[in-house]
Amino acid sequence: MRPISFALPALLAALPAAAEVPRVVTDLPAVQSLAAQVMGDLGTPEILLAQGADAHHYQMKPSQAAALQDAGLILWVGPEMTPWLERARAAMAPEAPSLALLDAEGTFRRSFAAGAHDHDHEAEAEAAGEDDHDHEGVDPHAWLDPQNGQVWLGLIAAELGRLDPENAATYAANAAAAQARLADLDAALTAELAPVAGKPFVTFHEAYGYFADHYGLAAAGSIALGDATEPGAAHLAELQAEMAKDGIVCAFPEGQHDPRQLAQLVEGTGVRIGDALDPSGSTLPYGPGLYEALLRGLGASISACLKG
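So this is what it looks like as structure tokens:
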């Protein structure tokens, strides 16, 4: 009997190609952390923001530009947070699938005006740089509300599953496990922060409204008018008067800014200076554990200072 000859290459060519895990590129550490939890062992999402860099004003390196050009999925907060990525995406990866989480269905969005004091908004507008947030518009720091973190985990899993249906069940299971961990952390932070809920504090810039609103904290304003703008003498004098009137307990610096201005502001007021806060997580080790570490660290720093 003549042996049967199988044309193996032809058979393999006829089979549908296995879907590749998308090359995921993210803008901020918190987004990268959420994506890493969803992807698990299937891959590691890349991040464009360098360790310790300012999330609002950033110039990509050539290697990061190359990663963006090869992206199979861009996960980012949106142009309100990282306008530099909006420009780069339009120039380098206009056809790449993209998910702007701030505008995605289910995301809770607050306005800056919801927690604003009656500052001189005309002076504020003049002082702000072109890449500063519109402090009359939507607050883009939405990842600092853990309920948005829960929503974003699900959205990321759904988008990855759409692009890579072979692994959709894995993405969904990973997201569900991460959501359960985040729910436990949220409950723990609620208990930790409840005793300091009524004690007013100020931060360097207006990035913590989502966190404060979610946990019922009394965020009483910010020192800087915009993310790249150092406060002027008139604004500092206004803040000092407000701090005395409102009974501010603590003031929190940020790692990317000179702490001496804050020290001068609170000198002689009795206001305590807390630990430097980091709203984007750019000073933390990047990876799947960063998002929970970011929220946990904010809670611990705020609680410790307000308790005294």
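Taking mature numbering (1 follows the signal peptide of the UniProt record, and there is no 0), I'd label the letters of the sequence shown as residues -19 to -1, 1 to 289.
Built from N, CA and C at the ideal position, the CB exists for glycine as well.
Option nearest residue i by Cα separation, candidates the options
| i | options | result |
| --- | --- | --- |
| residue 191 | 27, 238, 122 | 122 |
| residue 124 | 235, 56, 31 | 56 |
| residue 82 | 179, 141, 38, 136 | 136 |
| residue 54 | 282, 68, 27 | 27 |
| residue 51 | 59, 78, 64 | 78 |
| residue 86 | 134, 92, 239, 75 | 134 |
| residue 10 | 288, 275, 280 | 275 |
| residue 73 | 46, 94, 236 | 46 |
| residue 32 | 160, 225, 8 | 8 |
| residue 167 | 1, 246, 219, 273 | 273 |
| residue 300 | 76, 71, 62 | The structure shown does not extend to residue 300, since the chain spans only -19 to 289, so no value can be given for it. |
Residue j beta carbon less than 9 Å from that of residue i
| i | j | result |
| --- | --- | --- |
| residue 269 | residue 17 | yes |
| residue 88 | residue 132 | yes |
| residue 34 | residue 263 | yes |
| residue 129 | residue 21 | no |
| residue 183 | residue 232 | yes |
| residue 175 | residue 197 | yes |
| residue 280 | residue 170 | yes |
| residue 84 | residue 126 | no |
| residue 267 | residue 44 | no |
Paired residues, beta bridge with residue i - DSSP
| i | result |
| --- | --- |
| residue 79 | 55 |
| residue 199 | 181 |
| residue 258 | 235 |
| residue 5 | 54 |
| residue 92 | 119 |
| residue 253 | 231 |
Cβ distance (whole Å) where residue i is taken to contact residue j below 8 Å
| i | j | result |
| --- | --- | --- |
| residue 229 | residue 201 | 6 Å |
| residue 29 | residue 66 | 7 Å |
| residue 299 | residue 234 | This structure cannot settle anything about residue 299, because the visible part of the chain is limited to -19 through 289. |
First through last residue of the alpha helix (DSSP H) which encompasses residue i
| i | result |
| --- | --- |
| residue 12 | 10 to 20 |
| residue 224 | 214 to 227 |
| residue 272 | 271 to 288 |
Distance cut-off 8 Å: residue i Cβ against heavy atoms of the ligand SAM
| i | result |
| --- | --- |
| residue 69 | The ligand SAM is not part of this structure, which contains no ligands at all. |
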